[in-house]
Each structure stands twice: as C-alpha cells, then as structure tokens.
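*Asks:*
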Amino acid sequence: HRGVGGALVLDGRLHTGSSGLALEVGHLTVDPGGRPCHCGSRGCLDVEADPLAFLEAAGRPPGPEVSLLDQSRELIAA
28 HRGVGGALVL DGRLHTGSSG LALEVGHLTV DPGGRPCHCG SRGCLDVEAD
78 PLAFLEAAGR PPGPEVSLLD QSRELIAA
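Residue numbers for the sequence shown follow the working numbering, beginning at 28 and rising by one.
(1) Between the region 71-81 and the region 53-62, do at least 3 Cβ pairs fall closer than 8 Å?
(2) Taking the Cβ atom as the reference point for each residue, do G30 and D77 lie within a distance shorter than 9 Å?
(3) How many Å lie between L37 and S46 at the Cα?
(4) Hey, which unbroken runs of the beta strand (DSSP E) at 3 residues or more fall wholly within the region 75-101?
(5) Under DSSP, the beta strand (DSSP E) around L41 begins and ends at which residues?
(6) Quick check on the DSSP output: the beta strand (DSSP E) that includes L55 runs from which residue to which?
(7) Within the continuous beta strand (DSSP E) that includes L48, where are the two ends?
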C-alpha cells in the first residue's frame, strides 16, 4: 500500500500519540466528492495524491504498476 504519511517530533522525540497514529494525514478528506479510498471514505489525501489520480486528471490512461525493485535493478545495471 502506498500513501501519504508524516511524523510528529516534539522536543526532539518522536510523538506517536495514544494509538500510535500521530500525524496520520493520509486519510484527511481533501475532496468530499473525490475518489473512493480503501478506508471506506472518499477524497482522502492518499487517493487524491496518488500517481494514478494525477494520470487520470491529465487524461492519460494508467499503465502497469512499476516495480521499485525492477527500477533499482535497471539503475544498478546501467
């Protein structure tokens, strides 16, 4: 799963919050009528900032998912 994340550092220490999810920004609603999210809501930052959403907004059909491992191998081989 890919998405938007963050961290909260207070006084030089990582703050996790009571549930371990401090600064979980991926499920902030940025477009109430937006794309459906796997969390069950719509328009979450995770899905609105996803590369597939940008491709769709640009009118370009999304291609196959690109593997970061494959990209790394190609860079190492070059």
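A virtual CB, placed ideally from N, CA and C, is assigned to each residue, including glycine.
*Replies:* On the basis of the supplied data:
(1) yes
(2) Here residue 30 corresponds to residue number 3 of the sequence shown, with the count starting at 1. Here residue 77 corresponds to residue number 50 of the sequence shown, with the count starting at 1. Yes, they are a contact pair.
(3) The sequence position of residue 37 within the sequence shown is 10, counting from 1. The sequence position of residue 46 within the sequence shown is 19, counting from 1. Spanning the two alpha carbons is a distance of roughly 17 Å.
(4) none
(5) Here the question's residue 41 lines up with position 14 in the sequence shown. Taken as a continuous stretch (DSSP letters only), the beta strand (DSSP E) holding L41 covers R40 to H42.
(6) Against the sequence shown, residue 55 aligns to sequence position 28. Note, L55: premise wrong, no beta strand (DSSP E); not H, not E.
(7) Walking along the sequence shown from the start, residue 48 turns up at place 21. Note, L48: premise wrong, no beta strand (DSSP E); not H, not E.
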